[in-house]
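Engineer:
2 protein chains.
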Amino acid sequence: MRKNIAIRIRPFADPASPGTEISRRPAPDADSVQAISAIPGQALLTVAGSGMLGVPGVAARTFAAVRREDISVSLISQASSEHSICFTVPAEHADRARTRLRETFQQEIARQEIDGVDVITGAATLVVVGMGIAKTPGVAARVFAALSEADVNIIAIAQGSSELNLSLVVDGRDVTNALRAVHSAFQLSKIGGGRVRSAGPTDVVLLGYGRIGRALALLIARQNAGRLRVVGVIDRSGFVFEPEGLAPRRLAAVGAAKARGKSIAQVAGGRAGGATDAVAFMAHHALGDPILVDVTADDTTGTLMAALAAGMHVVLANKRPLTGRRREYDALAGAAAAHGRRLLHEATVGAGLPIIDTVHKLVESGDHVLRIEGCPSGTLGYLFSELSRGRHFSEALRGAVANGYAEPDPRVDLSGLDVARKALILGRLLGFAGELSDVAVESLVPSGAARLPLAEFLERLEEYDAAWTRRAEAARQTGVLRYRTIVTKRSIRVGIVTAAGSSPMASLAGTDNQFIFTTRRYREHPLVITGPGAGPAVTAGGILNDVLRIAGG
Amino acid sequence: MRKNIAIRIRPFADPASPGTEISRRPAPDADSVQAISAIPGQALLTVAGSGMLGVPGVAARTFAAVRREDISVSLISQASSEHSICFTVPAEHADRARTRLRETFQQEIARQEIDGVDVITGAATLVVVGMGIAKTPGVAARVFAALSEADVNIIAIAQGSSELNLSLVVDGRDVTNALRAVHSAFQLSKIGGGRVRSAGPTDVVLLGYGRIGRALALLIARQNAGRLRVVGVIDRSGFVFEPEGLAPRRLAAVGAAKARGKSIAQVAGGRAGGATDAVAFMAHHALGDPILVDVTADDTTGTLMAALAAGMHVVLANKRPLTGRRREYDALAGAAAAHGRRLLHEATVGAGLPIIDTVHKLVESGDHVLRIEGCPSGTLGYLFSELSRGRHFSEALRGAVANGYAEPDPRVDLSGLDVARKALILGRLLGFAGELSDVAVESLVPSGAARLPLAEFLERLEEYDAAWTRRAEAARQTGVLRYRTIVTKRSIRVGIVTAAGSSPMASLAGTDNQFIFTTRRYREHPLVITGPGAGPAVTAGGILNDVLRIAGG
């Protein structure tokens, strides 16, 4: 008799064996929607007339007439104005029902008490099934909001008081859209889906759990419990996941294990697996507007694409995915836009300093950023400060390694690649169309030193002292040496300059970073931001600002 | 027979003569809600049973039975599962209807095909009336969302296909809440209210239309048409207002008139009136999440309070309302919180520089701001730069006036009051509990010069040169003179210091401002922001960032 349309939701399917439908949920939540289905091939009949109020028993006579034709009526709706009553019947019986009703109300129609009997064919009834729909404010609101956003026009509505379902008559052509919209609003394809989620915490998944990731987890637990919660942590070996939030104690235990050199797959509750699979697994659960935070230094583009496609926002401290091929960069930005997700990355440049945000705010308020000059390397900043204080290159560089400012192999810093990546990120914000290979980089690795074993390189550092001392002394005539990038829409250069005493760069000290924005409005006098641009605490702070921006709005 | 509850909305009342109800709107919008009313004293009867599907003509027999008792049925709802049918009757007839229905279905009840007849008393029917409710996706969604937010539980729903109304059965105790919620969601008390507003532009009202206000209006017209629109402009004389947005040409014409010295009350379409009355008048119209932007330098607290109470957000470039009595400051912040409105004021300190935002971001991400040092006066910055270059005080000050850096009476700048206000705004963000009078200010107005007529003061400037030259020369031994504020939670000081060469302040040039944030994370090396801190373009940019923050989220 009644035929359900092909699209049917399996809300409680076991992800381990797709296709298995678990018939009943153990303890359904009071505010859950369990399924939505559609009954196509319906016709909506309406008996209407401004004189109906005075006609006794219209409802009774209507249904008696339909009954005599042995036609089954499903949805019935009469709003309290009593100017009309409408109901659905299978489309093939619509004509017969109309004919019989016209006969029944012949006299009232003649007296214009009843206008007639209207038929809308090609209709479908959507049935939203769930426990306590009638008792839970918010379920109906979510359903209607989802349909409204999908631009689905609702022709009639009925929800009985003891009912577990809400029925809506829509145009048959809107059925697929309508199912998809409700399905998505209640995350019916996900484990734990179906509940109304609105004021709950935003879920955070950490990709990478080194010093920055652990600092961030701690910050979230201390400062933002209730608003944010960490539900998953992924490293190269595997992941831990708890859809109701990983307890701070558990996060600390995982962190301690990581600090001892263990991998996440080895900790209690840890599962082995690749990052992209981990994201797919987590995305299968009903999470609260989840955010994937990438604090690795790996090429994670594939994982990020999967996360965006699964409906996660992405926050990056990792520069790699933003400094790969232009095509990949565009694909990432495009995926975020296509899925309506945010892709934020304040911490990729200057750590917690408001650099990316300042570019966005200037552009958003109608300014044009003409040029960004920057000294975004704390390591090289330290090196050049020391050189200008008269220290030898070898001493200064060994000091940088000893203080943890430089990588164990300081040639990584000296190569300028890290500065080039930051510069490319800024450049792409300004519209720079090129690749990392188009950034002109002056490497500070002495020629011939690139291929030396590390120990030998460090041993022979004194060989370079004389040349560096000469260079620093020559610069002292007119200013101070700085390792600087200059970024415009058209070109990006990275290398050594002599900053004049009047330049903001001359006042830069120690490991501080500096960014100088020259814009149409800040043209004669630029906007300058200076301060520490590395370290777990400030980096985690910058990431948290991005996360809260998403969670807040 | 049917009695409507006392609360009734008059959506199209003429504001000029309150109480007059205009019976019919000339051309109602397709997506409008025109009124909501409630029918109290209803009972909801439900005939239900899992065997009902097999019982022929339950609907017909139900209504025939009720009809025989001569009881009028208003809302009817049967969801398509056909397990139940429900309808409302006046509460006083509920028992009679139930008895008759039990008799009617006696056999089915005995066979357990029908469970019985339930009655919910104390119910009420809400009737939402409007054109095209059934045809407009979004109207039902808004109604349900409003009721959900108000925590109103919907017992039954009916909306007929040809109907102009949507009927909802709710608990009678929820009626007042429900009416208020829908009323407010559709702004039914406002002129032009009733429409579904979601993706429309955000409306901006400018309080003050000097150089900054005009720069902002231009920016909005050029950069953000569609997202923002200026609907009203207010000055001390009166206002212009156009709820559909003032055309850029009109804004330019008003601006040109203002620049010629005319007041807004005198321009075409201008109305005379005080600012608070102007806000009240505008707030009576249905505006899109309106924002009042205060670019005056007046004490506008009363007007801002009225705007917040009327549901407007407030963005300030005006320092006065934030630097009055602590009690007023708290009242303003409290009113914003109570009405769920934003109160933003980035442009009050450092114009377009991200100063207030940086404080917020640091605090939000769990940092603690220990101290803010700043040189927030372009005028005094210029004066001290010139002094340190060896110019005479008299020359330098006259230069500042001639360049428009200083007020026509430069004693306003020399007094330090403007710096003290900025410092108090920063201090209050950090928790400073005191008043403007608690800020320790070193005035640069020479003793005895405060009461001189302006002309005489300017004529006698050379008298002060020798003392200033001595002071600048003495400073040169250890650094440079700066007019600085130092702000903590406990104290605020404003006055002259000698900045050592190693301080970021030493590198400050010309009219630039500078802000140095020392925080728990940025402790050894502070976060420093430097750049122009005044001027219409950068100030308008800073205001626009605040406005877009509200419009965007």
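Which chain is which? The protein sequence lines are A and B, in order. Residue numbering for the first sequence follows our numbering, beginning at 14 and increasing consecutively. Residue numbering for the second sequence follows our numbering, beginning at 14 and increasing consecutively. The beta carbon of each residue, even a glycine, is placed where N, CA and C say it ideally should be. What you are looking at is a predicted structure, and each value in this text was computed from that prediction instead of being measured.
If we ignore side chains and look at the alpha-carbon of each, how far apart do B:Glu-476 and B:Ala-468 end up?
Structural biologist: Residue numbering aside, residue 476 of chain B sits at position 463 when the second sequence is read from its first letter. Residue numbering aside, residue 468 of chain B sits at position 455 when the second sequence is read from its first letter. Rounded to whole angstroms, B:Glu-476 to B:Ala-468 spans 14 Å at the Cα level.
Engineer: Determine the DSSP secondary structure at B:Ser-180, reduced to helix, strand or coil.
Structural biologist: As a position in the second sequence, residue 180 of chain B is number 167, starting the count at 1. The answer is strand: DSSP assigns B:Ser-180 an E or B state.
Engineer: How long is the line joining the alpha carbons of A:Gly-185 and A:Leu-160, rounded to whole angstroms?
Structural biologist: Here the question's residue 185 of chain A lines up with position 172 in the first sequence. Here the question's residue 160 of chain A lines up with position 147 in the first sequence. Each residue's Cα considered, the two are about 14 Å apart.
Engineer: Thinking C-alpha only, which one of A:Leu-192, A:Asp-164, A:Ala-169 is nearest A:Ala-7?
Structural biologist: Limits of chain A in this structure are 14 at one end and 566 at the other, which puts residue 7 of chain A out of reach.
Engineer: State the start and end residues of the unbroken alpha helix (DSSP H) segment that holds B:Asp-216.
Structural biologist: For the purposes of this step, residue 216 of chain B is identified with residue 203 of the second sequence, where counting begins at 1. Counting along the chain, B:Asp-216 falls outside any alpha helix (DSSP H), though it belongs to the beta strand (DSSP E) covering 215–220.
Engineer: Is it buried or exposed for B:Gly-555, if we count other Cβ within 10 angstroms and need 16 for buried?
Structural biologist: Within the second sequence, numbered from 1, the residue matching residue 555 of chain B stands at position 542. That one is buried.
Engineer: By a C-beta neighbour count over all protein chains shown, 10 Å radius and 16 as the cutoff for buried, is A:Asp-343 buried or exposed?
Structural biologist: On the first sequence, residue 343 of chain A is found 330 positions in, with the first residue counted as 1. It is exposed - the Cβ of A:Asp-343 has fewer than 16 other Cβ atoms within 10 Å.
Engineer: Under a three-way DSSP split, which group does B:Asp-343 fall into?
Structural biologist: In the second sequence, the residue the question calls residue 343 of chain B occupies position 330. Correct three-state label for B:Asp-343: helix.
Engineer: Once DSSP output is grouped into helix, strand and coil, what is the label at A:Ser-85?
Structural biologist: For the purposes of this step, residue 85 of chain A is taken as the residue at position 72 of the first sequence. Reduced to three states, the DSSP call for A:Ser-85 is coil.
Engineer: As a quick exercise: from A:Ile-438, A:Gln-490, A:Ile-49, pick the residue whose alpha carbon is nearest that of A:Arg-193.
Structural biologist: For the purposes of this step, residue 193 of chain A is identified with residue 180 of the first sequence, where counting begins at 1. Of A:Ile-438, A:Gln-490, A:Ile-49, the residue nearest in Cα terms is A:Ile-49.
Engineer: For the pair the stretch 505–525 of chain B and the stretch 540–556 of chain B, tell me if three or more CB-CB distances fall below 8 Å.
Structural biologist: The stretch 505–525 of chain B vs the stretch 540–556 of chain B: in contact.
Engineer: To be precise: take each residue of the stretch 53–76 of chain B, compare its Cβ to all Cβ atoms of chain A, and keep it if any distance is under 7 Å. Which residues remain?
Structural biologist: Correct list: Leu-57, Thr-59, Ala-61, Pro-69, Gly-70, Ala-72, Ala-73, Phe-76.
Engineer: Can you tell me which residues form a DSSP beta bridge with B:His-569?
Structural biologist: The structure shown does not extend to residue 569 of chain B, since chain B is modelled only from 14 through 566, so no value can be given for it.
Engineer: Where DSSP assigns a beta bridge to A:Tyr-496, which residues make up the other side?
Structural biologist: Reading the first sequence from its first residue, position 483 is the one you call residue 496 of chain A. Answer is A:Ile-509.
Engineer: Taking C-beta to C-beta, are B:Leu-427 and B:Leu-437 nearer than 7 Å?
Structural biologist: Indexing the second sequence from 1 puts residue 427 of chain B at position 414. Indexing the second sequence from 1 puts residue 437 of chain B at position 424. Not closer than 7 Å, so no.
Engineer: Would A:Pro-367 pass as an interface residue toward chain B - the criterion being a Cβ-Cβ separation below 7 Å?
Structural biologist: For the purposes of this step, residue 367 of chain A is identified with residue 354 of the first sequence, where counting begins at 1. Chain B contact via Cβ: present.
Engineer: For the stretch 370–398 of chain B, which residues have a beta carbon sitting closer than 8 Å to at least one beta carbon of chain A?
Structural biologist: Under the 8 Å Cβ criterion, the stretch 370–398 of chain B contributes Asp-370, Thr-371, Lys-374, Leu-375, Glu-377, Ser-378, Gly-379, Asp-380.
Engineer: Just verifying my parser: in three-state terms, what is the DSSP assignment at B:Leu-139?
Structural biologist: Taking the first residue of the second sequence as 1, we reach residue 139 of chain B at position 126. If DSSP states are grouped into helix, strand and coil, B:Leu-139 belongs with the strands.
Engineer: Keeping to the same chain, check which residues put their C-beta closer than 6 Å to that of A:Asp-131; ignore five residues upstream and five downstream.
Structural biologist: Residue numbering aside, residue 131 of chain A sits at position 118 when the first sequence is read from its first letter. Excluding residues within five positions, the ones whose Cβ falls inside 6 Å are Thr-59.
Engineer: Which of the three DSSP states, helix, strand or coil, is assigned to A:Leu-357?
Structural biologist: Numbered from its first residue, the first sequence carries residue 357 of chain A at position 344. Looking at A:Leu-357 - three-state DSSP - the assignment turns out to be strand.
Engineer: From what residue to what residue does the beta strand (DSSP E) around B:Asp-248 run?
Structural biologist: Translated into the one-based positions of the second sequence, residue 248 of chain B becomes position 235. Unbroken run through B:Asp-248: none, as it is neither H nor E.
Engineer: Give a yes or no on whether the minimum CB-CB distance between A:Ser-90 and chain B is below 7 Å.
Structural biologist: Along the first sequence, read from residue 1 onward, the residue named residue 90 of chain A stands at position 77. So yes, A:Ser-90 belongs to the interface.
Engineer: Quick one: grab the DSSP three-state call for B:Gln-55.
Structural biologist: Taking the second sequence and counting its residues from 1, the one referred to as residue 55 of chain B is at position 42. In the structure shown, B:Gln-55 sits in a strand (DSSP, three-state: E or B).
Engineer: Starting from B:Thr-189, trace the beta strand (DSSP E) both ways and give me its first and last residue.
Structural biologist: For the purposes of this step, residue 189 of chain B is taken as residue 176 along the second sequence, with counting starting at 1. Here B:Thr-189 belongs to no beta strand (DSSP E); instead the alpha helix (DSSP H) covers 188–198.
Engineer: One question on the structure: do A:Leu-357 and A:Val-328 come within less than 7 Å of each other, judged by their Cβ atoms?
Structural biologist: Taking the first residue of the first sequence as 1, we reach residue 357 of chain A at position 344. Taking the first residue of the first sequence as 1, we reach residue 328 of chain A at position 315. It is a contact, given that the beta carbons lie within the stated cut-off.
Engineer: Restricting to Cα atoms, I'd like to know which of A:Ala-153, A:Ala-104, A:Thr-134, A:Val-79 is closest to A:Thr-117.
Structural biologist: In the first sequence, counting from the first residue as 1, residue 117 of chain A sits at position 104. Of the candidates A:Ala-153, A:Ala-104, A:Thr-134, A:Val-79, the one whose C-alpha sits nearest the C-alpha of A:Thr-117 is A:Val-79.
Engineer: Could you name the residues of the stretch 524–542 of chain B whose beta carbon sits closer than 7 Å to any beta carbon of chain A, in the order they occur along the chain?
Structural biologist: Residues passing the 7 Å Cβ filter: Asp-525, Arg-534, Tyr-535, His-538, Pro-539, Leu-540, Val-541, Ile-542.
Engineer: Take A:Arg-497 and list the residues in its own chain whose beta-carbon comes closer than 8 Å to its own, dropping the five residues that flank it on each side.
Structural biologist: Residue numbering aside, residue 497 of chain A sits at position 484 when the first sequence is read from its first letter. These residues qualify, in order along the chain: Glu-386, Gly-387, Cys-388, Val-507, Gly-508, Ile-509, Val-510, Ala-512, Met-518.
Engineer: Around the C-beta of B:Ala-285, are 16 or more other C-beta atoms found within 10 angstroms, so that it is buried, or is it exposed?
Structural biologist: Start at 1 with the first residue of the second sequence, and residue 285 of chain B comes out as number 272. When all chains shown are included, B:Ala-285 counts as exposed.
Engineer: Could you confirm whether any beta carbon from chain A is found closer than 7 Å to the beta carbon of B:Pro-545?
Structural biologist: As a working note, residue 545 of chain B is residue 532 in the second sequence. It does: the Cβ of B:Pro-545 has a partner Cβ on chain A nearer than 7 Å.
Engineer: Identify which residue in B:Asp-478, B:Leu-232, B:Thr-313, B:Thr-189 has its Cα closest to the Cα of B:Ser-408.
Structural biologist: Within the second sequence, residue 408 of chain B is the residue found at index 395, counting from 1. A small correction: the amino acid at residue 408 of chain B is Glu; Ser does not occupy that position in the sequence shown. When each option's Cα is compared against that of B:Glu-408, the closest is B:Asp-478.
Engineer: For A:Ser-202 and chain B, any beta-carbon pair shorter than 7 Å?
Structural biologist: Indexing the first sequence from 1 puts residue 202 of chain A at position 189. No, A:Ser-202 lies away from the interface with chain B (no Cβ there is under 7 Å from its Cβ).
Engineer: Among residues of its own chain, excluding the 5 on either side of A:Asp-431, which ones have a beta-carbon nearer than 7 Å to its beta-carbon?
Structural biologist: The sequence position of residue 431 of chain A within the first sequence is 418, counting from 1. Excluding residues within five positions, the ones whose Cβ falls inside 7 Å are Ser-390.
Engineer: So what does B:Ala-48 bridge to, in DSSP terms?
Structural biologist: In the second sequence, counting from the first residue as 1, residue 48 of chain B sits at position 35. B:Ala-48 is bridged to B:Val-142.
Engineer: Taking the alpha helix (DSSP H) that B:Leu-396 falls in, what are its first and last residues?
Structural biologist: Here residue 396 of chain B refers to the residue found at position 383 when the second sequence is read from its first residue. Its alpha helix (DSSP H) spans residues 391–401.
Engineer: I want to verify the contact list: residues of chain A whose CB lies under 8 Å from the CB of B:Leu-557, in sequence order.
Structural biologist: What you label residue 557 of chain B is simply residue 544 of the second sequence in a count that begins at 1. Simply Glu-377, Ser-378, Gly-379.
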